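Number of protein chains: 2
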Amino acid sequence: AGLAAVGAPKPPNLVLLLMDDMGWGDLGVYGEPSRETPNLDRMAAEGMLFPNFYSANPLCSPSRAALLTGRLPIRNGFYTTNGHARNAYTPQEIVGGIPAEERLLPELLKGAGYASKIVGKWHLGHRPQFHPLKRGFDEWFGSPNCHFGPYDNRARPNIPVYRDWEMVGRYYEEFPINLKTGEANLTQLYTQEALDFVQRQHAARRPFFLYWAIDATHAPVYASRPFLGTSRRGRYGDAVREVDDSVGKILSLLRDLRIAEDTFVFFTSDNGAALISAPKQGGSNGPFLCGKQTTFEGGMREPAIAWWPGRVPAGQVSHQLGSIMDLFTTSLSLAGLAPPSDRVIDGLDLLPAMLWGQLTDRPIFYYRGNTLMAVTLGQYKAHFWTWTNSWEEVRQGIDFCPGQNVSGVTTHTQEDHTELPLVFHLGRDPGERFPLSFASPEYLRALRRVTLAVRQHQETLVPGQPQLNVCNQAVMNWAPPGCEKLGKCLTPPESVPEKCSWP
Amino acid sequence: AGLAAVGAPKPPNLVLLLMDDMGWGDLGVYGEPSRETPNLDRMAAEGMLFPNFYSANPLCSPSRAALLTGRLPIRNGFYTTNGHARNAYTPQEIVGGIPAEERLLPELLKGAGYASKIVGKWHLGHRPQFHPLKRGFDEWFGSPNCHFGPYDNRARPNIPVYRDWEMVGRYYEEFPINLKTGEANLTQLYTQEALDFVQRQHAARRPFFLYWAIDATHAPVYASRPFLGTSRRGRYGDAVREVDDSVGKILSLLRDLRIAEDTFVFFTSDNGAALISAPKQGGSNGPFLCGKQTTFEGGMREPAIAWWPGRVPAGQVSHQLGSIMDLFTTSLSLAGLAPPSDRVIDGLDLLPAMLWGQLTDRPIFYYRGNTLMAVTLGQYKAHFWTWTNSWEEVRQGIDFCPGQNVSGVTTHTQEDHTELPLVFHLGRDPGERFPLSFASPEYLRALRRVTLAVRQHQETLVPGQPQLNVCNQAVMNWAPPGCEKLGKCLTPPESVPEKCSWP
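Chains as they are written, first to last, in full-length UniProt numbering: chain A, 1 to 503; chain B, 1 to 503.
What follows is the structure, encoded as structure tokens:
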């Protein structure tokens, strides 16, 4: 699009607010009945809503890798081949991480003089070579993995929290999370880090990129004391309310510093609400089918709001099919930079959609592992494979689609529809409940277009080296840099690399 | 509340916009992904949203009877005892109608000098004694029954359209509905009737009550040519877009006449979206379970917006548990009238909620026939009976909850839970997917409150004479008043009263 077209005198600051396991249906503006997100709703009223915005994967790590590389996980290596259609992420024992060959957004933004900070969850590998400060970020406050725990520090170490290069403590230790009461002060810390960073860069007159990747809405959900018990939705709602309040504070600071018109802010989430944790620890995917881990809409359609007062028109809705990978390309575009030309970039520049209401026809691909499960093109979504989770898990009470059961669609075995895909019209049927009749002309028309798009995609696809295949207890966070200063180094067990088990 | 408290110099005009089978999830402001209701969304932004607003029944006629009487169908007679927990309405062969003893809103509003008009579907009995102009309305343009058809005028007459006392034609004849293309000009006619009425009353300086009960979103859904094919949601969406456009025109006229601040407008629907007609002819209940005909949230929770510029504060959300019956009491309150004191009125005056944000604790009762299926009190909903529809219907492909199946909840047999009700927390779990554990203290606390409310309700309950038990082919719309002028009188068959069959 080019900044000149925007009329912006200089590249804007970039703020990406990335939620963790928050669902499409969790915001008032997306129809959450309790309507407890006044700040996000105001952000939408002042900005542009993208109701058809997708993550690049129904799970956290691959989705984040896609955001920062602008590339599908199948290209950037954030997938596994250990089984057919398996989701994978970066638990502590993962050996892999974001490959050195990938060009990350903060690395590229250096070319335009941006200062970059990640606050919260990195999740692209926790071994030293994957450290975010080695990948373009100038500052980090947060953790490499999910805040699962507490662990015993014998079989499994607690997850470290880093400030920049070194750990400054661990979850459940220096950074307490009370699983019983749900109390944790983390969102407050992460908010303060964001506010400080913005103020410092503003004072230094340096353009900045803030990647605010907080994890309060990921189970075990938590909130600080002033928010606990305040939601009509229980503890999950408490966490949402605190996040909403924090977003309000960040936007207020931008206004107070009079840099709102110089700052592009985008709000979204890494994947759909984790219905396995619902209703107490998981959110809502609104009218959509299933949740996190699945390639139904509930797994990958995300709340999304663009905010840039004076540039992105207020109170608008864009029906552009958007992707979390577009944040890479759009951010580069805003910084006046071109995306890398030596590789396939899946992200689209959203500026034409945001500034001129332009719609670009593009497919959305839904992968599990290296299996293309489904694709959306225009209003049509075709499923080549259907699977929620295994019968074995279902028998244990694990259910990715509680209360939802579409016969032949929400299958508990991997069903191959590649010969005759299941096709849904997402406008009439956003809940994926009524497959088009195979005999209808509409089906045949949709299939023809979809088949072409998939063929083009697959013919040029060069899968990256899969990073999420190998696990090793010895690589866990036993002795992160800085542990010696804190006296918190633990002794790793013997190194035994093995295939990760992805159920 | 009293008008004095509002500061209004005179009783406001009253406009009730009642949709037909429109679901909670059909408006952009309630999270519909295609966001095609800019006028309703603006109405919400300028008014007050009630996300917890309920119809009085999951079916059309009883819900409308409740609106106009302020009383539950079990009291006003709009129910059947022909079977256990049976929904019933007023098809052409129904013998009953709104009882003479009931006091209807337009009858009462006469006491404050209001002119009243009903536009659209009456549905409270089509025999002469039930004519809306005998029940307080001064004008009528619309039909007594649903726009089903076309019929052959031999076994079954087409539904008449009335202007005031006399029929002026029939659906599919003088008032065409093209079932193939979906084209019908009816919403345009109904809109023009509304605009004319408002203008005339304004010119006459007479306070008015407009009951705009259009039926475009009831299957078979229709729209006029300019709207056909314009929605991302198919024909149902076309109908919604036209309705939204019409609401915009009505509100615009109020502004243009400078009587917006003298007019209280309320928008809602008669019952949940008809998922049996989805996705092509039915709408969306958003995150809620099942649809029309059921006593799950999808059957009875309705979109609801109050609009009264300068009086009802703009951009607010009220968590008051509201009911369509409240429109009766609130309207009377606005007109400076007291509700009848010689009978139980279930409707609440919503003015305290709208003007001062006051919340009144009150139960919402969910009936099918004369069976109390469920009750909501605060955030808790208790189901005493669960039933969607029969296995027999399911085997024929009729499904009130397509794609939804909550084990032990969406049952296809009538399950008696009166001893140990299923309890849901609607804040955490608006989709009624996770019953509280019977052993939990939360369950016991909720049950205690609910039991008390139900006991109070049932102890004082005097059921009305059931009106929906008897059917007779001879009472159909063979020869409505005015038919002779049009040469459209048909000969009724022999009178054979029989028990209506309600599956």
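Don't be surprised by glycine CBs; every beta carbon is placed ideally from N, CA and C.
Being a predicted model, the structure only gives us computed values, none of them experimental.
Item	Value
Integer-rounded CB distance, given that Ala260/A should sit under 8 Å from Gly23/A	In fact, because the Cβ distance is near 28 Å, the residues do not count as touching under 8 Å.
Beta carbon proximity, residue 505/A to chain B, threshold 8 Å	Beyond the ends of chain A as shown, which are 1 and 503, falls residue 505/A; an answer cannot be given.
Beta-carbon neighbours of Asp429/B, restricted to chain A and to distances below 8 Å	Ala278 and Pro279
Any C-beta of chain A under 8 Å from that of Ser284/B	yes
Chain A contact residues for Ser34/B, given Cβ-Cβ distances below 7 Å	Gly427
Gln379/A: contacting residues in chain B (beta-carbon distance under 8 Å)	Arg232
Amino acids of chain A, ordered along the chain, whose beta-carbon sits closer than 7 Å to that of Gln404/B	Gly403 and Gln404
Neighbour-count burial assignment, Ala439/B, 16 or more Cβ in a 10 Å radius	exposed
Amino acids of chain A, ordered along the chain, whose beta-carbon sits closer than 9 Å to that of Tyr30/B	Gly31 and Pro33
C-beta atoms of Thr376/B and Leu348/B nearer than 8 Å	no
Asp26/B vs Ile214/B beta-carbon contact at 8 Å	no
8 Å Cβ cutoff, Phe227/A in contact with chain B	no
Inter-residue spacing [alpha-carbon to alpha-carbon] between Asn405/A and Asn405/B	6 Å
Sheet register partners of Thr268/A (DSSP bridge)	Leu18/A
Rounded C-alpha distance that separates residue 554/A from Pro480/A	Because chain A spans 1 through 503 in this model, residue 554/A falls outside it and cannot be assessed.
Neighbourhood of Gly464/A by C-beta distance below 6 Å, restricted to the same chain and skipping five residues each side	Arg75, Asn76 and Gly77
Collapsed DSSP secondary structure at Trp385/B in the structure displayed	strand
Opening and closing residue of the beta strand (DSSP E) in which Ser143/B lies	Glu139 to Ser143
Contacts that Val317/B makes with chain A (C-beta to C-beta distance below 7 Å)	Arg35
Cβ neighbours of Ser284/A in the same chain (closer than 7 Å, five flanking residues each side left out)	Gly23, Gly25, Asp26, Glu32 and Ala273
Nearest residue (CA-CA) to Ala353/A, options Ala335/A, Leu372/A and Gly322/A	Gly322/A
Opening and closing residue of the alpha helix (DSSP H) in which Trp502/B lies	Careful: Trp502/B lies outside any alpha helix (DSSP H) and carries neither H nor E.
Residues sharing a beta bridge with Glu415/B, DSSP	Thr386/B
Whole-number beta carbon distance between Ala335/A and Ala112/A, since they are thought to touch under 8 Å	4 Å
Neighbour flag for Arg433/B against chain A, beta carbons, 8 Å	yes
Proximity of Thr80/B and Arg103/B at Cβ, strictly below 8 Å	no
Same chain only: Cβ atoms within 6 Å of Tyr190/A, ignoring 5 sequence neighbours per side	Val119, Gly120 and Ile214
Under 9 Å by beta carbon: chain B residues contacting Pro150/A	Correct list: empty, because the minimum Cβ distance to chain B is about 25 Å.
Which listed residue (Ala44/B, Pro435/B and Trp308/B) has its alpha carbon closest to that of Arg258/B	Trp308/B
Residue range of the beta strand (DSSP E) that includes Phe365/B	Ile364 to Arg368
Residue-chain proximity (Gly25/A, chain B), Cβ-Cβ < 8 Å	yes
Secondary structure of Lys117/B, DSSP reduced to three states	strand
Among Glu494/B, Glu183/B, Trp478/B and Trp502/B, nearest to Gly169/B - alpha-carbon criterion	Trp478/B
Short CB-CB distance (under 8 Å) between Pro220/A and chain B	no
At least three beta-carbon pairs within less than 8 Å, the region 208–223 of chain A to the region 12–19 of chain A	yes
Whole-angstrom C-beta distance between Ala374/B and Leu447/B, which should lie under 8 Å	Their Cβ separation, rounded to whole angstroms, is 13 Å, which puts Leu447/B and Ala374/B out of contact at 8 Å.
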